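Novice: Starting off with a structure, shown below.
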Amino acid sequence: MTAYERSRILFKFADLIDEHNDELAALESWDNGKPFEQSAKEEVPLLSRTIRYYAGWADKIHGLIVPGDGAHHVQVLREPIGVVGQVIPWNFPLVMFAWKVGPALACGNTVVLKPAEQTPLTALYAAALLHEAGLPDGVLNVVSGFGPTAGSALAGHMEVDKIAFTGSTGAGKIIQELAAKSNLKSVTLELGGKSPFIVMDDANVDQAVELAHSALFHNQGQCCCAGSRTFVHERVYDEFVEKAKARALKRVVGDPFKQGVEQGPQIDEEQFSKILEYITSGIDSGATLVAGGARAGNKGFYIQPTVFSDVKDEMTIAQEEIFGPVQTILKFKNLNEVIQRANASPYGLAAGVFTNNLNTANTLMRALRVGTVWINCYNLLDAAIPFGGYKMSGIGREKGMDSLNSYLQVKAVITPLENHAWL
Ligand code: ADP
C-alpha cells in the first residue's frame with residue numbers, strides 16, 4: 001500500500017472515532033471504571049488527535065542520500081520493521097492503542113495487539129472502525145488474552161520483529177528477556193514511575209495544591225506518570241498539607257456515569273487490595289494520615305482519596321508505585337537536597353516543578369533524570385510530545401517523531417559510480 005493510502009485510512013479512522021466518540025467513551029468507562037466525562041472529553045479526543053498526527057506522518061517518512069568516502073552512491077532507506085507485537089495496559093486503553101497503533105501503521109508495519117485482560121472492549125471496537133476505514137484484513141490483529149500466555153507468546157515469537165509494551169516494570173523485564181531468548185526482536189518499554197512533584201517556596205500554594213492533586217489523583221491514581229512523591233518546601237509545607245487535605249476531602253468519588261464525579265472505582269480487586277495494603281504500610285511506618293485511608297462505601301472497589309504527610313524517603317509508600325489515590329507529601333529544605341532526593345529512585349519517567357523562579361525551573365529541568373518535566377503544569381500529553389522513561393521507567397519513546405524511529409528499519413544501499421566526477 002502506498003504511504004498516501006495509509007495516511008488516508010488513518011485520517012478516515014480518526015473521523016470515525018469522532019463520530020463514535022460516546023460509544024467508545026462508554027465502553028471505556030464500563031471496562032475501566034473511569035468517569036465517563038473524562039473518557040468522552042479527554043481520552044477519545046486524544047485518540048483521534050494522535051491518530052491524525054500519525055496520519056500526517058505516513059507520507060512524510062523517507063530516506064536520505066548521504067556522502068560516501070569514495071566513488072559510490074549511498075542511499076539510506078527507511079523501511080517498516082515488519083510484524084509488530086504490542087501489549088497495552090488497562091489504565092488508558094484507548095490512549096495506549098493510539099500511541100502504539102498510530103506510528104506502527106503510519107510506518108507501514110502490521111500489528112498484533114494484545115489489550116489488557118481487564119479492558120479488551122475498546123481495542124476491539126477501534127479495530128472494527130479501522131476496518132471500516134479501509135484497513136485490509138490482517139494488518140491490525142487484536143488478540144485479547146492474559147499477559148503470561150497471550151502477551152508472552154508475542155514477546156517470545158520468532159516471527160514477531162518488534163515488541164512494544166506498556167505496563168509494570170516487572171512484566172517489562174519478562175518481555176525483554178523473552179525477546180532476547182527468541183529472535184532478539186527490538187523492544188520498546190514504557191514502564192512504571194515514582195515521579196516527583198516539586199513545590200518551591202515561591203509558589204502560589206493554592207495553585208500548587210490543585211495541580212499536585214490532579215497530578216496524583218487523576219484516573220484514580222492509576223497513571224504511570226502520576227506525581228506520586230509530592231515534595232514541598234518547608235516554608236510552605238504546613239499550609240500545603242492543610243490545603244491538600246481539604247482538596248482531597250472535597251474530591252467527588254462515585255458512579256463514573258454520574259455527572260461531576262471525579263473519581264470512579266479502582267480497576268479490580270487485586271489493585272484495590274494492594275492499594276489498601278500500601279495505606280496500612282504508610283500508617284505502620286509512621287507517616288501521618290491526614291485524609292482518607294480506607295475503602296469508600298461498602299460496594300465496589302472505591303477508595304477514599306488519601307493523603308499522607310511526614311513521609312520519609314525510605315518508607316515503602318515513598319519508594320514503590322502505589323497506582324492508586326494515595327498522595328504522599330515529603331518536606332525539603334533546599335534545591336540541591338530536593339534534586340538528590342527526587343533522583344534517588346530507580347524510576348525516571350516524569351517530574352512536576354512548581355515555581356515562579358526561572359533559574360530554579362531551568363536548574364530543575366536540567367537536573368532531573370526523567371523523560372518528561374512539566375513546569376507549572378502536569379499531564380500534558382499532546383501527540384507531538386515524546387514520552388518515555390529514563391532508568392527503570394523504560395526504553396525508547398512514544399508519540400512525536402521519536403516514536404517513528406522505533407517502527408522503522410534503516411537500510412543502507414551503496415552502489416559504485418564510474419568515477420569521482422559523478423559524486
Ligand atoms: P499492571 O500491573 O498495570 O496490570 P501489567 O504489566 O501486569 O501491569 O499489565 C500490562 C499489560 O501487560 C497487560 O496487557 C498484561 O496482560 C500484560 N502482561 C502482564 N504480564 C505479562 C507477561 N508476563 N508477559 C507478557 N505480557 C504481560
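Using full-length UniProt numbering, you'd call the opening residue of the sequence shown number 1 and step up by one each time. Each residue gets a CB set at the ideal place from its N, CA and C atoms; glycine is no exception. This structure is a prediction, so every number in the text was calculated from the model and none was measured.
(1) Using alpha carbons as the reference points, say which of 96, 86 and 342 lies closest to residue 147.
(2) Going by beta carbon distance, what residues of the same chain come within less than 7 Å of residue 21, once the five residues before and after it are set aside?
(3) Give a single yes or no on whether residue 433 has its beta carbon closer than 7 Å to a heavy atom of the ligand ADP.
(4) Out of 120, 70, 77 and 129, which one is the CA nearest neighbour of residue 92?
(5) Buried or exposed for residue 257, going by 16 or more other Cβ atoms inside 10 Å?
(6) For residue 213, which residues in the same chain have their Cβ closer than 6 Å to its Cβ, ignoring the five residues on either side in sequence?
(7) Under the criterion of a Cβ to heavy atom distance below 7 Å, does residue 117 qualify as lining the ligand ADP?
(8) Would you say the beta carbon of residue 99 is closer than 7 Å to some non-hydrogen atom of the ligand ADP?
(9) Report the three-state DSSP secondary structure of residue 141 (helix, strand or coil).
(10) If you draw a straight line from the C-alpha of residue 387 to the C-alpha of residue 97, how long is it?
(11) Taking the DSSP output, what are the residues bridged to residue 189?
(12) Given a cut-off of 8 Å on the beta-carbon distance, is the pair residue 175 and residue 160 in contact?
(13) Could you tell me whether any non-hydrogen atom of the ligand ADP is closer than 7 Å to the CB of residue 265?
(14) Hey, would you say residue 229 sits closer than 8 Å to residue 194, going by beta carbons?
(15) Quick check: the Cα distance between residue 358 and residue 232, rounded to an integer number of angstroms?
(16) In three-state terms, what does DSSP make of residue 174?
(17) Please report the distance separating the alpha-carbon of residue 299 from that of residue 280.
(18) Measuring from the CB of residue 90, is there a heavy atom of the ligand ADP at a distance below 7 Å?
(19) Under the three-state reduction of DSSP, which class applies to residue 222: helix, strand or coil?
(20) Pair every Cβ in the segment 409-420 with every Cβ in the segment 70-81, then say whether three or more of these pairs are closer than 8 Å.
(21) Report yes if the CB atom of residue 142 is closer than 8 Å to the CB atom of residue 113, and no otherwise.
(22) For residue 377 and residue 362, what's the separation of their Cα atoms in angstroms?
(23) Quick check on residue 261: does DSSP put it in helix, strand or coil?
(24) Below 8 Å on the Cβ atoms is my guess for residue 153 versus residue 163; work out the distance and round it to an integer in Å.
(25) Identify every residue that forms a DSSP beta bridge with residue 49.
(26) Over the uninterrupted beta strand (DSSP E) stretch that includes residue 231, give me the two end residues.
(27) Any idea what DSSP makes of residue 252, helix, strand or coil?
(28) Could you tell me the alpha carbon to alpha carbon distance between residue 264 and residue 37, rounded to whole angstroms?
(29) Answer with yes or no whether the minimum CB distance from residue 198 to chain C is below 8 Å.
(30) Helix, strand or coil for residue 404 per DSSP?
(31) Check the DSSP bridge columns for residue 348 and list the partner residues they point to.
(32) Check whether the segment 202-222 and the segment 264-276 touch, using three or more Cβ-Cβ pairs below 8 Å as the test.
(33) On the three-pair Cβ rule with 8 Å, is the segment 282-295 touching the segment 46-55?
(34) According to DSSP, is residue 448 part of a helix, a strand, or is it coil?
(35) Buried or exposed: which applies to residue 132, given that a residue is buried once 16 or more other Cβ atoms fall within 10 Å of its Cβ?
(36) Between the segment 333-352 and the segment 381-396, do three or more beta carbon pairs fall short of 8 Å?
Specialist: Taking the structure as given:
(1) 86
(2) 40 and 44
(3) Nothing about residue 433 can be reported from this structure: the residues present for the chain run from 1 to 423 only.
(4) 120
(5) Residue 257 is exposed by the Cβ-count criterion.
(6) A distance below 6 Å between beta-carbons, with the five flanking residues on each side excluded, links residue 213 to the following residues of its chain, in chain order: 247.
(7) yes
(8) At a cut-off of 7 Å, the beta-carbon of residue 99 does not count as near the ligand ADP: no heavy atom of the ligand is closer than that.
(9) strand
(10) 15 Å
(11) For residue 189, DSSP records a beta bridge to 165 and 395.
(12) Residue 175 is not a Cβ neighbour of residue 160, given a cutoff of 8 Å.
(13) no
(14) yes
(15) Counting only the Cα atoms, residue 232 lies some 18 Å from residue 358.
(16) helix
(17) Distance between the alpha carbons of residue 299 and residue 280: 20 Å.
(18) Residue 90 Cβ: within cutoff of the ligand ADP.
(19) coil
(20) Contact holds: three or more Cβ-Cβ distances are below 8 Å.
(21) yes
(22) 15 Å
(23) coil
(24) That pair is no contact at about 11 Å.
(25) Answer is none; residue 49 lacks a bridge partner.
(26) 229-233
(27) coil
(28) 11 Å
(29) In the displayed structure, chain C is absent; only one protein chain is listed.
(30) helix
(31) 390
(32) Output reads yes: the segment 264-276 touches the segment 202-222.
(33) no
(34) No statement about residue 448 is possible, as the shown extent of the chain runs from 1 to 423 and does not include it.
(35) exposed
(36) yes
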